[in-house]
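Worksheet for the structure shown next.
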Ligand code: ADP
Ligand code: TYD
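Numbering (the numbering used here), first residue to last: 387 to 590.
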């Protein structure tokens, strides 16, 4: 039987650079000979992508939002993440549960304890081996997002104060689960960040 694969997640506020570095990291790991499942949340399964469509467009109660995030996650774990890790593959996910603590908890104000209960229910003892937190000032992230020219979704249209709360909640989560977090100063150049990732990933 092959050893369990590695589970890596990328987190941060919108515009911090997750998608850029997610794509790079997947290619980097494949070039090193790993079999890599590249995935994202909300999404990662056919049902999860349908839920993502609703989550990014439809106004809803904050608890509905949290429950749908975790429903999509339950499907993602059952159909994609757990089987891949059991095969010995690497899983690299653009966001996972820390985003629920940051956005639904920090951003929207849902009680941390309710999120912890959902986490326990949906994940049991599954946790990422490494979480790369791209840390960036909310104003700089907003400028980067606007620079892409893409239409903003329901979350990206939130005020800067929302993203400041999201960022602070990510810091709280990183302090609570310090062992698996790697905080990256995302104001650096893309090349500098890739060099940091290369070193960090070699010791997972
Ligand atoms: P996210 O997935 O976190 O929302 P993206 O990776 O889509 O962020 O990046 C948002 C924008 O910022 C893109 O135009 C991207 O090219 C740019 N970008 C990403 N990282 C950096 C960086 N370190 N320095 C400058 N621009 C960056
Ligand atoms: P993301 O894929 O990062 O957006 P984009 O493709 O535009 O870069 O994530 C979509 C949004 O979902 C993002 O604004 C954060 C939000 N989100 C939550 O609020 N809670 C969660 O648990 C997750 C996974 C994402």
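Idealized CB from N, CA, C, for every residue including glycine.
Classification of residue i by the beta-carbon crowding that lies within 10 angstroms, buried from 16 upward
| i | result |
| --- | --- |
| residue 585 | exposed |
| residue 579 | buried |
| residue 480 | buried |
| residue 581 | exposed |
| residue 407 | buried |
| residue 475 | buried |
| residue 419 | exposed |
| residue 486 | buried |
| residue 473 | exposed |
| residue 435 | exposed |
| residue 484 | buried |
| residue 439 | exposed |
| residue 576 | exposed |
| residue 547 | exposed |
| residue 564 | exposed |
| residue 572 | buried |
Proximity below 8 angstroms, CB of residue i to CB of residue j
| i | j | result |
| --- | --- | --- |
| residue 508 | residue 566 | no |
| residue 397 | residue 517 | yes |
| residue 522 | residue 569 | no |
| residue 422 | residue 478 | yes |
| residue 560 | residue 399 | no |
| residue 441 | residue 461 | no |
| residue 552 | residue 492 | yes |
| residue 527 | residue 402 | yes |
| residue 513 | residue 501 | no |
| residue 531 | residue 542 | yes |
| residue 540 | residue 431 | no |
Rounded Cβ spacing between residue i and residue j (contact assumed at less than 8 angstroms)
| i | j | result |
| --- | --- | --- |
| residue 590 | residue 515 | 6 angstroms |
| residue 416 | residue 471 | Not confirmed; about 17 angstroms, so no contact. |
| residue 409 | residue 488 | Incorrect: roughly 22 angstroms between the Cβ atoms, too far for contact. |
| residue 427 | residue 393 | Not confirmed; about 12 angstroms, so no contact. |
| residue 437 | residue 457 | 6 angstroms |
Below-8 angstroms beta-carbon distance, residue i vs any chain D residue
| i | result |
| --- | --- |
| residue 389 | Of the chains in the structure shown, none is chain D; there is only one protein chain. |
Check: residue i C-beta below 7 angstroms from any heavy atom of the ligand MN
| i | result |
| --- | --- |
| residue 538 | This structure lacks the ligand MN; the ligands present are the ligand ADP and the ligand TYD. |
Problem - Touch test, the segment 444–453 against the segment 490–505, Cβ-Cβ under 8 angstroms, three pairs minimum - result: yes
Practice task
Could you pull out every unbroken alpha helix (DSSP H) segment of at least 4 residues lying fully inside the segment 518–574, listed in chain order?
Solution key: 524–534 and 546–562
Exercise for the section: Only counting runs of 4 or more residues, tell me where the alpha helix (DSSP H) segments fall wholly within the segment 401–452, in order along the chain. Expected result: 404–417 and 432–441
Practice task
Taking only runs that begin and end inside the segment 458–515, name each unbroken alpha helix (DSSP H) of 4 or more residues, in chain order.
Solution key: 468–473 and 498–509
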